[in-house]
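Protein chains: 2
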Amino acid sequence: MTVSDLGEHALLGRLLARLPRPSAQVLVGPGDDAAVLAPVRNERLVVTTDAVVEGVHFSRAHFAPADIGHKALAVNLSDLAAMAATPQWALLSLVLPAGWPVSDVEELVDGLTTLAVRYGVSVVGGNITRTTGPLVVDVTVGGSVASRKWLTRSGAVAGDEIWISGTIGGARAGLEMLSDPGSRIPDPVCIAKQRTPEARVRLGVAMGRGRAARAAIDLSDGLADGIRQIGAASGCGARIDASALPTEPGAAAWWQARGVDPVMAAVTGGEDYELLFAVPKKGGRLRHVRRHVANPVMTRIGVWLKDPSELVVERDGRDEALPPGYEHFENRP
Amino acid sequence: MTVSDLGEHALLGRLLARLPRPSAQVLVGPGDDAAVLAPVRNERLVVTTDAVVEGVHFSRAHFAPADIGHKALAVNLSDLAAMAATPQWALLSLVLPAGWPVSDVEELVDGLTTLAVRYGVSVVGGNITRTTGPLVVDVTVGGSVASRKWLTRSGAVAGDEIWISGTIGGARAGLEMLSDPGSRIPDPVCIAKQRTPEARVRLGVAMGRGRAARAAIDLSDGLADGIRQIGAASGCGARIDASALPTEPGAAAWWQARGVDPVMAAVTGGEDYELLFAVPKKGGRLRHVRRHVANPVMTRIGVWLKDPSELVVERDGRDEALPPGYEHFENRP
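Going down the list, the sequences are from chains A and B. The first sequence runs 6 to 338 under my numbering. The second sequence runs 6 to 338 under my numbering.
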C-alpha cells in the first residue's frame with residue numbers, strides 16, 4: 006500500500022501511533038496544531054533545521070528507509086552539538102512522493118525515533134505533504150544550553166589550537182564505495198559514517214559546559230569548509246598539519262588503491278559530522294573534557310593564525326593552499 | 006543568474022544580508038550552526054512546522070515568489086494562532102530547483118520577511134538545499150503562551166457553541182478562479198485569500214488569554230475537517246447551521262454562476278486559515294474578546310453535540326451529513 010492509497014489523515018494517524026511517548030517537558034505533543042513545551046529553567050533555547058533530499062543527500066538504492074530517518078535527525082543533532090546544546094525535541098516534516106510504500110515511511114520514522122530515543126529527544130510534531138518530486142525529510146531540532154555556555158563560529162583567537170573529533174574522510178569514501186559497482190568489499194566503518202552518522206552530542210555539550218573551546222562548527226561540509234567558516238567568522242587564518250589529520254583508515258586505503266591524494270580527499274570530503282574546535286593553547290580544560298568524554302577521540306590538527314587570508318595545509322615541510330569548501334549546488338565528489 | 010550559477014554559500018550570504026535585524030530575544034541569529042534565543046520568562050514554548058510544495062500548494066503560474074514566501078509563513082502563524090500562542094521566531098528551509106533565478110529566491114524571502122516583520126517574528130536561521138524536483142519551502146515557527154492559556158483541539162464540551170472567524174470558501178474559489186482561463190474578472194478578495202492568507206494571530210491569542218474558548222483549530226483543511234478534528238479529539242458531535250455560514254460573497258457568487266452548491270463548496274474548501282472555536286454557551290468572555298479584536302468578525306455557526314457520531318449540516322430544516330474533510334493525497338478541488 007502506498008501513501009496515496011492510504012491518504013494523509015490515515016497515514017498521519019499510523020505514524021502518530023508509532024511515536025514514543027514524549028518526555029514530561031512536552032505539555033501538548035504531536036497531533037494538535039502545534040506542540041507546547043515547558044522550557045528548561047534558566048537555560049537558553051537553541052534551534053536549527055536541516056533537510057535531506059532524495060537524489061541529493063541519499064539514493065534509495067544505497068539507503069534503507071531507516072537510514073534516511075536516522076541521517077535526517079543526526080545532521081540536526083550535529084548542528085546543536087556544535088553549539089554545545091543538549092537536544093530535547095524535534096519536528097518532522099515529510100514531503101512524500103505518492104508512490105512510496107507506507108511500510109517504508111513507517112521504517113523511516115522508526116529510524117528517526119530510534120535515534121531520538123537514544124538522545125532523549127521527543128518528536129513533538131510535524132507535517133506530511135505530498136510531492137511530485139523526490140522525498141524531502143526536513144527536521145527541526147530544539148534544545149537548551151546554559152547562559153553563556155554556547156559555542157559559535159566567531160570566537161576563535163589567533164594562537165588557539167585547532168582540534169577535531171573522531172576521523173574524517175570516512176563518509177566521503179563510504180559514498181564512493183556505495184556508488185562504485187566494482188567495490189566488492191566496502192569498508193563497514195566508512196559505509197556507516199555515510200549512512201548512519203553519529204552526532205557528537207556529549208562531546209559538544211561537554212566542551213561548552215567546561216568552557217574548553219572558544220569556537221566550534223560541525224564538519225557537515227568537510228574540514229576545509231569548517232576551517233573557512235570559523236576563519237571568516239572569527240577573522241583568523243589557519244595552518245593545518247597534514248601529517249596530524251585523523252583520516253579514517255578504510256578511507257585512506259580506498260584512496261591509495263585508486264591513486265587519489267588521501268590528504269586532499271579527507272580535507273574536502275563532507276558529511277562526517279565530526280566537530281571542529283578552537284581551543285586555547287595548553288588548555289587544561291580540554292584535558293578535563295577528554296578525561297570525561299573518552300569517545301570520540303580528539304586530535305590537534307593545527308593552529309589559528311592572525312592573518313585571515315593565510316589558509317594553508319603544511320605537508321612534508323611545504324605549504325599548500327587550503328582547498329575550497331564543499332559546494333552543494335555543484336556535483337557531489 | 007540561477008541558484009546553481011551562484012552556488013549555495015554565495016546564495017546563503019545574499020539571503021542572510023536581506024534578513025531584517027532579529028529581536029533582542031535572539032542571542033545568536035542566522036549564519037551559525039543553530040540559533041540561540043532567550044525564552045520568554047514564565048511562558049511555555051510553542052512550535053510547529055509546515056511545508057508548501059510547488060505543484061501541490063501553489064503553481065508558479067499563479068503565485069509570485071513573494072506570495073509563496075508569504076503563504077509559507079502564514080500557514081505556520083495560523084497553526085500557532087490556533088494554539089493561542091504569540092509567534093516570535095521562524096526557521097526557513099528552502100529546497101530549491103537549480104534553475105530558479107536568484108532574484109526569485111530573494112523575492113520569496115522578502116515576501117516571507119515582510120510578513121514576519123509585521124508580526125514581530127525574527128527569522129533566526131534556516132537551510133538551503135538543492136533538489137531535482139519542485140520547490141519546497143518548509144517553515145518552522147516558535148512562539149510562546151502563558152501557562153494554561155493555550156488552546157487545543159480536545160477541550161470542546163457538548164453544548165458549547167461553534168464559532169469561526171472571518172469568511173470561508175474564499176481561498177477555494179480563488180484557486181478555481183486562478184485555474185479557470187475563462188474567468189476574466191476574478192474576485193480580488195478570493196484571490197488574496199488563496200495567495201496571501203492572513204493568519205488570525207491577534208484573535209487566537211486574545212481567545213486564549215481571555216479564556217473565551219475551550220478548543221480551537223485552524224481551518225487550513227476546511228471547515229468540515231476542522232469540525233471533525235475537534236469532534237474526534239474532544240469526543241463531540243456537531244450540528245452546523247448552513248444559513249449561518251459566513252461564505253465569502255465573491256465565492257458564493259462564483260459557485261452560483263456555475264451551478265455549484267455554495268454550502269458544500271464552502272464547507273469542504275480548505276486554505277482559508279480562519280480559526281474555529283468551541284465557546285461556552287452565553288460566553289461573556291467571548292463578548293469581551295470581540296470588543297477588543299474587531300477584525301476579523303466572528304460568527305456562531307452551530308453547536309457541539311454529545312454524540313460523536315452525529316455530524317450534521319442543518320439546511321432548510323433538514324439534516325445533511327457533514328461531508329468528509331479535505332484529503333491531501335487526492336487531487337485538489
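Cβ atoms here follow ideal geometry from the backbone N, Cα and C, with glycine treated the same way.
Minimum C-alpha distance to residue i - residue among the options
{"i": "A:I169", "options": "A:V107, A:T137, A:R305", "result": "A:R305"}
{"i": "A:T201", "options": "A:S83, A:R244, A:R214, A:I133", "result": "A:S83"}
{"i": "B:R290", "options": "B:R214, B:D223, B:L224, B:L280", "result": "B:R214"}
{"i": "A:H67", "options": "A:V302, A:E315, A:A256, A:M182", "result": "A:M182"}
{"i": "B:I245", "options": "B:T273, B:R219, B:G255, B:S225", "result": "B:T273"}
{"i": "A:E203", "options": "A:K76, A:V298, A:R292, A:D10", "result": "A:K76"}
{"i": "A:V61", "options": "B:R46, B:R135, B:A89, B:V114", "result": "B:R135"}
{"i": "A:M88", "options": "A:V308, A:A270, A:V206, A:S248", "result": "A:V206"}
{"i": "B:A211", "options": "B:A103, B:S248, B:I190, B:R295", "result": "B:R295"}
{"i": "A:M303", "options": "A:W105, A:L50, A:A95, A:L281", "result": "A:L281"}
{"i": "A:V33", "options": "B:V31, B:L32, B:G160, B:L78", "result": "B:G160"}
{"i": "A:P25", "options": "A:L101, A:A86, A:G130", "result": "A:G130"}
{"i": "B:G164", "options": "B:G240, B:L97, B:A103, B:N300", "result": "B:G240"}
{"i": "A:L16", "options": "A:I73, A:A229, A:S64, A:V107", "result": "A:V107"}
{"i": "B:G288", "options": "B:I167, B:A249, B:G242, B:A247", "result": "B:I167"}
{"i": "B:R177", "options": "B:L228, B:G138, B:A151, B:V128", "result": "B:L228"}
{"i": "B:C195", "options": "B:Q93, B:A103, B:E276, B:R216", "result": "B:E276"}
{"i": "B:P267", "options": "B:P254, B:A220, B:D143", "result": "B:P254"}
{"i": "A:A79", "options": "A:A258, A:V126, A:D192, A:G179", "result": "A:V126"}
{"i": "A:T91", "options": "A:Y124, A:A39, A:A243", "result": "A:Y124"}
Residue span of the alpha helix (DSSP H) that contains residue i, given as start and end
{"i": "B:V23", "result": "It should be pointed out that residue 23 of chain B corresponds to Arg in this sequence rather than to Val. Unbroken alpha helix (DSSP H) run through B:R23: 13 to 23."}
{"i": "A:L291", "result": "289 to 297"}
{"i": "B:S248", "result": "Counting along the chain, B:S248 falls outside any alpha helix (DSSP H), and DSSP gives it neither H nor E."}
Residues bridged to residue i (per DSSP)
{"i": "B:I232", "result": "None; B:I232 has no bridge partner."}
{"i": "A:L310", "result": "A:G242"}
{"i": "A:L120", "result": "Answer is none; A:L120 lacks a bridge partner."}
{"i": "A:R263", "result": "BP columns for A:R263 are empty, so no partner."}
{"i": "A:M303", "result": "A:S170"}
{"i": "A:D223", "result": "A:L280"}
{"i": "B:T252", "result": "B:I173"}
{"i": "B:T7", "result": "B:P106"}
Neighbour-count burial assignment, residue i, 16 or more Cβ in a 10 Å radius
{"i": "B:A22", "result": "exposed"}
{"i": "B:A3", "result": "Nothing in the structure corresponds to residue 3 of chain B, since chain B is present only between 6 and 338."}
{"i": "B:E335", "result": "For B:E335, the predicted model reports a pLDDT of 47, less than 50, meaning its position is unreliable and no value from the coordinates is stated."}
{"i": "A:A218", "result": "buried"}
{"i": "B:T252", "result": "buried"}
{"i": "A:S149", "result": "buried"}
{"i": "B:V122", "result": "exposed"}
{"i": "B:K198", "result": "buried"}
{"i": "B:G342", "result": "This structure cannot settle anything about residue 342 of chain B, because the visible part of chain B is limited to 6 through 338."}
{"i": "B:T172", "result": "buried"}
{"i": "A:R49", "result": "buried"}
{"i": "B:N347", "result": "The requested residue 347 of chain B does not occur in the structure, where chain B is confined to residues 6 to 338."}
{"i": "A:H14", "result": "buried"}
{"i": "A:L327", "result": "buried"}
{"i": "A:I73", "result": "buried"}
{"i": "A:N300", "result": "exposed"}
{"i": "A:G187", "result": "exposed"}
{"i": "B:S225", "result": "buried"}
{"i": "B:I190", "result": "exposed"}
{"i": "A:G349", "result": "For chain A, the structure presents residues 6 to 338; residue 349 of chain A sits outside this window and is missing."}
{"i": "A:D10", "result": "exposed"}
Residue i, enclosing beta strand (DSSP E) - first and last residue
{"i": "A:G130", "result": "127 to 136"}
{"i": "B:D277", "result": "It is not in any beta strand (DSSP E) - B:D277 carries neither H nor E in the DSSP assignment."}
{"i": "B:E325", "result": "323 to 326"}
{"i": "B:L316", "result": "316 to 320"}
Near the ligand HEM: residue i beta-carbon under 8 Å from a heavy atom
{"i": "A:A283", "result": "Of the ligands one can find in the structure shown there are none, so the ligand HEM has no counterpart to examine."}
Which residue spans inside the stretch 140 to 220 of chain B form an unbroken alpha helix (DSSP H) run of at least 4? 175 to 184, 193 to 200, 206 to 214
Complete beta strand (DSSP E) runs within the stretch 67 to 115 of chain B (minimum length 3 residues, chain order): 91 to 102
Could you tell me which uninterrupted beta strand (DSSP E) segments, each at least 3 residues in length, are contained entirely in the stretch 17 to 64 of chain B, listed from first to last along the chain? 31 to 33, 40 to 42, 48 to 58
Taking only beta carbons into account, state which residues of the stretch 44 to 64 of chain B come closer than 7 Å to chain C, listed in chain order. No chain C appears in this structure, whose protein chains are A and B.
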